[in-house]
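Residue numbers (the working numbering): 4 to 619.
So, in structure tokens, the structure goes:
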């Protein structure tokens with residue numbers, strides 16, 4: 004105890020003040036408190052440097068998986084991917100990285116978990132990675148299963164949910180036609196059957212955009228339980244390792260230790276966790292008709308069943324234990340009013356929230372299942388290992404009362420019951436409550452159009468319209484190309500058969516057109532006859548001509564060649580005659596020029612002489 008000098012010392016109450024949290028003093032008459040030693044937690048009034056219990060010393064050693072620096076009043080968990088096997092550690096350096104081939108997927112772990120045979124890890128990573136493509140690792144079982152939308156089929160057997168290092172291939176979905184429509188798993192079903200499976204006997208209206216049905220007769224949430232109704236309901240929490248039932252004033256009615264609920268008591272199956280001091284929980288129930296109901300509170304009858312089952316399992320041990328920090332007083336549970344519920348609810352929760360399902364054990368048990376094949380699952384890393392283990396327990400006849408799961412990853416997860424995999428419920432896990440839209444977190448909502456839209460679910464377009472069938476496209480393109488090539492090859496013999504004429508050399512060599520027509524050679528390549536005919540004029544399109552005998556056309560063609568040759572010869576003769584006339588003219592002009600030159604010279608001299616006389 005500290006003994007401040009500025010206080011009156013008339014009594015212990017006024018003179019001595021308990022040490023604050025994170026400090027201690029281990030001697031009487033100490034004037035001050037000392038910061039808590041590294042590796043230990045000190046609560047208010049701690050009286051030891053190395054406290055061993057809260058009741059005796061006011062503190063405890065730091066638990067494995069945690070570290071406590073100097074002056075700690077709470078334990079700090081080791082980060083994900085690290086572990087600490089020892090107690091009373093005071094530094095973050097005491098949190099060791101998991102060795103290769105192991106991992107931790109939560110904070111505050113005292114050991115690492117070995118990866119399965121189909122997975123591996125790298126140094127510094129927080130999770131195991133699957134060897135096969137399109138697979139996701141399941142920490143609870145160590146298995147690598149196919150992702151949603153992929154499958155692994157061997158010899159006609161679907162092994163998509165089995166551990167393997169082989170890659171998974173994209174699942175092929177059918178094309179729905181006629182009155183058959185898509186379901187949430189991508190299969191085809193009659194519209195009436197889809198709505199009956201999803202909504203029950205009430206039925207509903209199918210919407211192709213979501214492949215879901217808008218169920219008939221759904222009440223508004225306030226009609227089920229308004230604000231005043233909700234304030235009167237008991238709540239449920241996960242707090243300090245206990246399953247806590249709170250009353251209307253938010254104080255504890257009962258707190259059941261999770262360790263007592265699990266194991267031989269057969270009350271709770273599954274792993275419930277809370278990384279903070281308190282985490283909310285939501286209560287669901289399953290029914291024999293395959294439906295799921297979401298409760299606005301905790302029925303007193305459920306608390307009675309938990310107490311009875313605990314008492315029968317642990318004899319005289321108290322069924323309800325007090326929560327250490329809040330120290331509630333246990334009380335006998337009395338029957339209360341009916342707790343409102345919603346059938347096939349929609350739920351939006353924050354990360355760290357837990358959902359508990361009440362079970363129906365027996366020879367024909369009813370229990371929740373994770374619908375892995377639903378195309379609305381967006382949490383691809385969801386660990387459904389405990390749901391598979393629950394199936395084994397329930398089918399073996401275990402008298403389990405509750406099943407719980409804590410959601411740690413954001414995304415949409417789809418659940419149903421083993422009685423009807425199409426009567427589904429959606430749980431949307433978010434980081435911030437603003438992402439819930441019009442939905443209130445941790446409160447079940449009826450599946451109306453308004454709240455369904457708040458989940459922001461989208462049906463994959465690749466399923467609705469199908470993936471490109473590349474093999475069919477390539478085969479079709481190849482057939483078209485082959486047909487085009489055949490047409491081009493057929494065009495050549497047709498042209499050579501109907502459009503081959505006598506070579507022009509026949510006319511030039513003196514072969515008359517009236518002579519016997521020469522046989523055509525359709526197999527002989529003749530470039531001069533491969534010219535296509537031009538487009539006919541519009542007037543020609545309306546006129547029909549009879550076919551012309553190729554021999555007549557060939558004779559006319561040869562006659563034209565003769566005429567052209569004759570004209571060419573005549574033109575050449577006319578050119579020669581013109582050249583001869585020009586040469587004759589030049590020959591006649593030569594002597595005339597010779598005789599005229601002397602006369603012109605003499606006349607020129609006579610003209611120059613008079614001009615000279617005048618000048619002199």
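We put the beta carbon where it would ideally sit given N, CA and C, even for glycine.
Counting C-beta pairs closer than 8 Å gives three or more between the stretch 342–350 and the stretch 288–298, which meets the contact rule.
Taking residue 170 as reference, the option from 475, 403, 149 and 269 with the minimal CA-CA separation is 149. In this structure residue 215 is in contact with residue 455, their Cβ atoms being roughly 7 Å apart against a cut-off of 8 Å. By the neighbour-count definition (other C-beta atoms within 10 Å, threshold 16), residue 88 is an exposed residue. Within the model, the alpha-carbon separation for residue 598 versus residue 567 is close to 48 Å.
Across the structure, residue 398 and residue 272 are spaced so that their CA atoms are roughly 14 Å apart.
Annotation: the continuous alpha helix (DSSP H) that includes residue 395 extends over 388–398. Per the DSSP secondary-structure output, residue 116 pairs in a beta bridge with 106. Boundaries of the beta strand (DSSP E) around residue 260: 255–260. The Cβ atoms of residue 65 and residue 85 do not sit closer than 8 Å to each other. In terms of CA proximity to residue 218, 348 leads the group 129, 481, 130 and 348. At a Cβ-Cβ threshold of 8 Å, residue 275 and residue 261 count as neighbours. Taking all protein chains shown into account, residue 204 has fewer than 16 neighbouring C-beta atoms within 10 Å of its C-beta and is therefore exposed.
If the five residues before and after residue 363 are omitted, its C-beta is found closer than 8 Å to the C-beta atoms of 289, 290, 291, 369 and 370, all from its own chain and listed in chain order. Here the alpha carbon of residue 108 sits roughly 29 Å from the alpha carbon of residue 421. Contact between the stretch 426–436 and the stretch 172–183 is absent, with fewer than three C-beta pairs closer than 8 Å.
Ranked by Cα distance from residue 372, the options 575, 394 and 477 are led by 394. Pairing residue 42 with residue 91, the inter-Cα distance amounts to about 4 Å.
By the C-beta criterion, the stretch 300–311 is judged not to be in contact with the stretch 446–454, since fewer than 3 inter-stretch pairs fall below 8 Å.
With 16 or more other Cβ atoms inside 10 Å of its own Cβ, residue 201 counts as buried.
Nearest in C-alpha terms to residue 23, of all of 53, 496, 30 and 61, is 61. Counting along the chain, residue 210 sits inside no alpha helix (DSSP H); it lies in the beta strand (DSSP E) bounded by residues 207–210.
The beta carbons of residue 462 and residue 378 sit closer together than 8 Å.
Looking at the backbone, the Cα of residue 578 and that of residue 585 are separated by about 11 Å. A direct Cα-to-Cα measurement between residue 595 and residue 604 gives close to 15 Å.
In this structure residue 418 is buried. Its beta-carbon is surrounded by 16 or more other beta-carbon atoms within 10 angstroms. Membership of residue 55 in any beta strand (DSSP E) is not indicated, and neither H nor E is assigned to it by DSSP. Under a 10 Å Cβ-count criterion, residue 573 is classified as exposed, with fewer than 16 other Cβ atoms of the shown protein chains found around its own Cβ. In this structure residue 312 is in contact with residue 270, their Cβ atoms being roughly 5 Å apart against a cut-off of 8 Å. Residue pairing by DSSP places residue 161 opposite 156 in a beta bridge.
For residue 272, DSSP records a beta bridge to 406. Residue 110 is positioned such that its CB atom lies no closer than 8 Å to that of residue 121.
Within the model, the alpha-carbon separation for residue 437 versus residue 51 is close to 46 Å. Close CB contacts of residue 445 within its chain, under the 7 Å cut and outside five residues either way in sequence, are with 283, 285, 352 and 356 (chain order). If you compare the alpha carbons of 159, 162, 243 and 465 with that of residue 185, the shortest gap goes to 465. Contact between residue 172 and residue 154 is confirmed by a C-beta separation of about 6 Å, below the 8 Å threshold.
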